[in-house]
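Everything below concerns the one structure shown next.
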Amino acid sequence: MDLELLLFASLKDDVGSPTLKMTLPEGSTVSTLLQEIGEAHPYLQGKLAHVRVAIGDEFADPDAIISEGQEIALIPPVSGG
Amino acid sequence: MPSAFEARLCREVIDTEAARSWLTDDACGAIHLFCGVVRDLNRDRSVTRIEYHAHESLALRSLEKIVEGLVQSGARKAIAIHRLGMLEVGETSILLGVSLPHRKEGFALLERGMTEIKADVAVWKHEHYTDGPPEWIEGS
Numbered sequence: 001m002d003l004e005l006l007l008f009a010s011l012k013d014d015v016g017s018p019t020l021k022m023t024l025p026e027g028s029t030v031s032t033l034l035q036e037i038g039e040a041h042p043y044l045q046g047k048l049a050h051v052r053v054a055i056g057d058e059f060a061d062p063d064a065i066i067s068e069g070q071e072i073a074l075i076p077p078v079s080g081g
Numbered sequence: 001m002p003s004a005f006e007a008r009l010c011r012e013v014i015d016t017e018a019a020r021s022w023l024t025d026d027a028c029g030a031i032h033l034f035c036g037v038v039r040d041l042n043r044d045r046s047v048t049r050i051e052y053h054a055h056e057s058l059a060l061r062s063l064e065k066i067v068e069g070l071v072q073s074g075a076r077k078a079i080a081i082h083r084l085g086m087l088e089v090g091e092t093s094i095l096l097g098v099s100l101p102h103r104k105e106g107f108a109l110l111e112r113g114m115t116e117i118k119a120d121v122a123v124w125k126h127e128h129y130t131d132g133p134p135e136w137i138e139g140s
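Below you can see the structure in the form of structure tokens.
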């Protein structure tokens with residue numbers, strides 16, 4: 001399945017784009033997604049350990065299954081307030 | 001019956017007095033308001049302004065859950081407003097408020113709410129300095 005991930009803050013600058021395209025097998029989980037991103041983009045690996053994944057308007061557990069068409073975002077440690 | 005909690009993201013100046021009015025309740029003797037404000041120094045660097053970015057739908061959902069949790073824990077009403085966009089030093093970036101019959105529990109609820117906001121609301125500071133290019137702040 002083809003995914004277009006939303007990027008924020010320094011991840012957006014690191015990639016040089018607000019989105020990142022990834023292709024994963026059907027039934028992949030959130031943790032698989034992060035692992036695959038790290039392998040495809042080794043320069044992001046250090047940050048991925050601290051990144052949470054959101055599916056739609058909710059944070060997703062590492063074992064959550066991803067489906068094509070969902071809005072998936074990589075969320076670096078937040079700094080609001 | 002009006003909603004007991006409200007969460008909002010905004011790009012205009014946060015109206016503190018309007019929030020206070022929203023929190024007013026005849027059964028409440030205490031209205032607590034916390035305002036987080038842009039300051040001119042962070043990590044020993046001189047800050048000129050901060051641009052706040054967000055994953056807006058995720059941030060709003062998290063804010064809603066936080067204020068709903070404050071109501072479930074004893075606040076009669078709870079409101080959170082996070083401002084986005086470019087803010088100058090001295091401007092309010094976040095307002096959190098609760099009202100309840102007595103003051104004591106309100107202080108703890110405000111502290112809890114701000115801790116949750118700092119941990120879970122998908123907003124990031126892009127900090128601007130007098131002595132170099134802006135930088136993302138991640139985790140605080």
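Chains as they are written, first to last, in the working numbering: chain C, 1 to 81; chain Y, 1 to 140.
For each residue, glycine too, the CB sits at the ideal point set by N, CA and C.
- For Ile75 of chain C, at least one C-beta of chain Y is nearer than 7 Å to its own C-beta.
- Residues of chain Y with a Cβ closer than 8 Å to the Cβ of Ala9 of chain C are, in chain order, His53, Trp124, His126, Trp136, Glu138.
- Excluding sequence positions up to five before and after Val89 of chain Y, its CB lies within less than 8 Å of the CB of Val38, Arg39, Asp40, Val47, Thr48, Arg49, all in the same chain and listed in chain order.
- Boundaries of the alpha helix (DSSP H) around Ile117 of chain Y: 104-120.
- Annotation for Ile65 of chain C: Gly27, Ser28, Thr29 place their beta carbon closer than 8 Å to its own, counting only its chain and skipping 5 residues before and after.
- Judged by beta-carbon spacing, Ala122 of chain Y lies within the 7 Å limit of Val78 of chain C, meaning their Cβ atoms are closer than that value.
- In this structure, DSSP gives Asp57 of chain C a state outside helix and strand, which the three-state scheme calls coil.
- Under the 7 Å criterion on CB atoms, Arg39 of chain Y is classed as non-interfacial with respect to chain C.
- When beta bridges are read from the DSSP output, Ile31 of chain Y appears opposite Y:Ser99.
- Under the 10 Å beta carbon count, Ala80 of chain Y is surrounded by 16 or more other beta carbons and is classified as buried.
- Looking at the backbone, the Cα of Ala7 of chain Y and that of Arg20 of chain Y are separated by about 14 Å.
- The C-beta distance from Glu68 of chain C to Met22 of chain C rounds to 11 Å, too long to fall under 8 Å, and the pair is not in contact.
- CA-to-CA, the gap between Asp61 of chain C and Asp26 of chain Y works out to about 42 Å.
- Ala54 of chain C belongs to the set of residues whose beta carbon lies under 7 Å from a beta carbon in chain Y.
- By DSSP's assignment, Arg45 of chain Y forms a beta bridge with Y:Asn42.
- In this structure, DSSP gives Gly36 of chain Y an extended state, which the three-state scheme calls strand.
- Ile37 of chain C and Ile55 of chain C do not touch by the CB rule: their CB atoms are close to 15 Å apart, not below 8 Å.
- Listed along chain C, the residues sitting closer than 8 Å to Val121 of chain Y by beta-carbon distance are Val78, Gly80, Gly81.
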